[in-house]
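Below you'll find the structure, written out as structure tokens, and then a few comments.
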């Protein structure tokens, strides 16, 4: 029995509150050039970062709002507070964290989780990392795990070398927005040959009505190193729409192995528009294990650019879309080098009028010979007021690629439900079990504690729909 | 998804064409000409042309945002192409009509702006089968023409180029098979076109009454004028439609063999509505053209209706075949079975876009879409976008599958162990891959012709590879 389990089981109502935090610093609502300068000034950043932010801001203004997915025009950029800093500095020790924020994190179970099995904790409260600790042994082996702002101060060379190289500000409108106003997020550096023995874990949390969350994460894994990073989210519920536009960049240098696991469970008013991309160099392996159950709308396609020979990409993407939700998720594998391999598995569940969309891209560029790639997307629809879409893009520009793609859409089989009911399960339990089985390809990749949590989360979602 | 590759591997780089957006349609409809048609036509038809022209002006070239990254009309340079001002509406009595292909029940033969032949044999005529030019039908039976042309259902309203054809068509043919007439021999429609600088905008309408059955073979090829012209003497434009209504319990098979010349820009729209227990079979072969943009819309309206669509592309040189297929399940227990296959040589490209839509009313749907490609050249590019949009989960099946791969080494090895030389073995495997369409062509002579075309294209590709 741990507190982490309870976060996702039955206590979500408790998090639907608003803490009356006194913000030490915050920008005015709305986004102007001055806001960007102000954020950079608060953070006492080097000039190159300010210039990067300003260029990104200009691009954000020029770039039209994407129309290939609907509903984004509802976002009112003028109503958003782009930067809030709830406490003055990053805390090294739990005791130093202000009581009110600490109370929130106690509810989220972070100290408990940390004691249990975490290698390090970066907890994000609004726009700044307020609590952060790295275990002694990680420091000893040279692993860096800290807030992005701190990373910029302490490791300016690494940050400058890689920041914005995987996801350029100009990539899309929301990566431009993030690059202009980013705040918080994690910075991870794993030195050559180091295998991080335990998952690195960060909790993120949005608080404050109309507070934008623009965290920026950069993970650099040096040659032959190995790391597993876990990101999980909860957010309190508010009536007006919140925006979350994160950018995650992963650099997997030759021979390294990176796994990035996400359980996204934002409250159902959040627009979650995230750009996640990894560069995999020679012999590197990158795995995105990505689940989306929360938010009003998520637009997220974890991507892997296979840039070196023999690199491997593995993406598992899971989405559950309930009432009022649209999960526009998927994956991209871009093969740029010979002998690279990719596998994409997507599972989606839509119910109660929710809409699950798989959108993916598989591309084999000229020169990427001897590629082996597979894509599998399955969708489960629990009723006929929901919707499921599949939009895969497959673009092959070599003559010796072996590519397979399969997709199916279906409902819960009445036979299976009947069978389980004949064994004494209720209809709810039977359906729940079938859905859990459908999503198992994802769950079995999680650390055990997370797998239990995730199954409880799914069960909760299912009870909401069937009860 | 940016696409900055243009004509990769062009043998000789010609003077750079002016930079254009990939979606820019270089053809401008001749508004005066359309007005001159309208002035001589019944009011309803004039209104229909004007409405279409207004739609044309409003619409983007690709209105489906899913596909905007994969549109590329840059190979088309139609600024100097002019629509034939006044194609004939009937065969010229002063010239002998072309003979019907062996085994055909009826034959409509168009050669550039002429009607070279229009025959229905006695048995078909006695059964009430009619084949008219569109002009002819408007004169002979204006009420039927009006019903067929203006019900607003037969061409996609959101498609700019379909609206161009609706506004500016200058030739057409209407095939009608009455209720319960079962025609066992095919009707052949031949379009020969491609004279440099010309545009032929055509409509083909097929109506099968309840319980009728028929097959139609569409032959699209180069005219004598096009075949005789020197290479590079100028592009030509051909737009066509197939507007199909399959009545209750009726069954229609359509086979199309497209082998236009290398300077031909081709835009095709085929749209079919299938009634209760109706069956539609497509067998479509795309071989020719410089740039071919085709769209098929299947609408399974009636309960238990079905469509089977088999499409092959054999691309070479710098050909681009951009093929979209929409299948919309509306009725209960409908069945869709769609298969697209592409073989690419040289720097050829294919875009295979397939969309299955299962509406909420379509309980019990069985729908499958398969897109399979064989890239036989490192410069070839094959794009597949097999999509599903589903509002009704109570399906027998809703799936798609797609693969791209080289020639299967195991198959090659097997054939070689049987004493077949490697080059022949490759040819057999590739032609076998494309055979599903050949086998569905209803007329023996046409089947043989298609096999010969495919084989000749393969042999030419091998010869080019050997010379390179």
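Chains as they are written, first to last, in this note's numbering: chain S, 8 to 474; chain H, 3 to 470.
Glycine residues also receive a C-beta, built at the ideal position from the N, C-alpha and C atoms.
| Asked | Found |
| --- | --- |
| What separation, rounded to the nearest whole angstrom, lies between the Cα atoms of residue 383 of chain S and residue 353 of chain S? | 6 angstroms |
| Residue 388 of chain H by DSSP, collapsed to three states: which one? | strand |
| State the Cα-Cα distance for the pair residue 340 of chain H and residue 297 of chain H, rounded to the nearest angstrom. | 14 angstroms |
| Pull the bridge partners of residue 344 of chain H from the DSSP assignment, please. | H:315 and H:375 |
| If contact is defined by three or more beta carbon pairs under 8 angstroms, each pair taking one atom from either stretch, is the stretch 185 to 203 of chain H in contact with the stretch 92 to 112 of chain H? | yes |
| Residue 420 of chain S touches chain H at which residues, Cβ-Cβ below 9 angstroms? | Under the 9 angstroms cutoff, chain H gives no residues; its nearest Cβ is about 11 angstroms from residue 420 of chain S. |
| I'd like to know if residue 3 of chain S contacts chain H, where contact means its C-beta is closer than 8 angstroms to some C-beta of that chain. | For residue 3 of chain S there is no data in the structure shown, the boundaries of chain S being 8 and 474. |
| Please list the terminal residues of the continuous alpha helix (DSSP H) segment that includes residue 152 of chain H. | 144 to 152 |
| What whole-angstrom Cβ distance do residue 290 of chain H and residue 248 of chain H have, given they're in contact under 8 angstroms? | Contact doesn't hold; Cβ gap of about 28 angstroms is too wide. |
| Using the three-state DSSP reduction, which class does residue 55 of chain S fall into: helix, strand or coil? | helix |
| From the DSSP output, in three-state form, read off residue 275 of chain S for me. | coil |
| Under a three-way DSSP split, which group does residue 134 of chain H fall into? | strand |
| Determine the DSSP secondary structure at residue 3 of chain S, reduced to helix, strand or coil. | Here chain S has residues from 8 to 474 only, and residue 3 of chain S is not among them. |
| Strictly by DSSP, which residues pair up with residue 320 of chain S? | S:293 and S:349 |
| Under a Cβ-count criterion, where at least 16 other Cβ atoms within 10 Å of its own Cβ denotes burial, should residue 457 of chain S be classed as buried or exposed? | buried |
| Per DSSP, which one or two residues make a beta bridge with residue 353 of chain H? | H:324 and H:385 |
| Just mark residue 33 of chain H as buried or exposed, buried being the case when its beta carbon has 16 or more other beta carbons within 10 Å. | exposed |
| 8 angstroms is my cut-off, CB to CB: does residue 388 of chain H come that close to chain S? | yes |
| Under 8 angstroms, Cβ to Cβ, is there at least one residue of chain H near residue 361 of chain S? | no |
| Please list, in chain order, all residues of the same chain as residue 79 of chain S whose beta carbon is under 7 angstroms from its beta carbon, the five residues on each side excluded. | 72 and 73 |
| How should residue 462 of chain S be labelled, buried or exposed, when 16 other C-beta atoms within 10 angstroms of its C-beta is the threshold for buried? | buried |
| Excluding five sequence neighbours on each side, which residues of the same chain lie with their C-beta closer than 7 angstroms to the C-beta of residue 223 of chain H? | 194, 261 and 262 |
| Closest to residue 349 of chain H by C-alpha separation, out of H:82, H:427, H:467 and H:102, would be which residue? | H:467 |
| Under 7 angstroms, CB to CB, which of the residues in the stretch 390 to 420 of chain H have a partner in chain S? | 390, 391, 392, 393, 394, 395, 396, 397, 400, 401, 402, 403, 404, 405, 406, 407 and 408 |
| CB residue 478 of chain H to CB residue 200 of chain H, shorter than 8 angstroms? | There is simply no residue 478 of chain H to check, as chain H begins at 3 and stops at 470 in what is shown. |
| Tell me the rounded alpha-carbon separation between residue 406 of chain S and residue 383 of chain H. | 9 angstroms |
| Quick one: is residue 318 of chain H near chain S, going by C-beta distance under 8 angstroms? | no |
| Decide if residue 442 of chain H is buried, meaning its Cβ has at least 16 other Cβ atoms within 10 Å, or exposed. | buried |
| If distances are taken between C-alpha atoms only, which option among H:235, H:126, H:52 and H:352 comes closest to residue 180 of chain H? | H:126 |
| Cα-Cα, which of H:396, H:379, H:294 and H:285 is closest to residue 333 of chain H? | H:396 |
| What beta strand (DSSP E) runs, 3 residues minimum, are completely inside the stretch 157 to 211 of chain H? | 173 to 179, 189 to 195 and 200 to 210 |
| From residue 446 of chain H to residue 284 of chain H, what does the alpha carbon distance come to, in whole angstroms? | 17 angstroms |
| By the DSSP assignment, the beta strand (DSSP E) with residue 305 of chain S in it spans what residues? | 304 to 307 |
| Check whether the Cβ of residue 377 of chain H lies closer than 8 angstroms to any Cβ atom in chain S. | yes |
| If you follow the alpha helix (DSSP H) that residue 42 of chain S is in, where does it begin and where does it stop? | 40 to 49 |
| With a threshold of 8 angstroms between beta-carbons, can residue 67 of chain H be considered close to chain S, or not? | yes |
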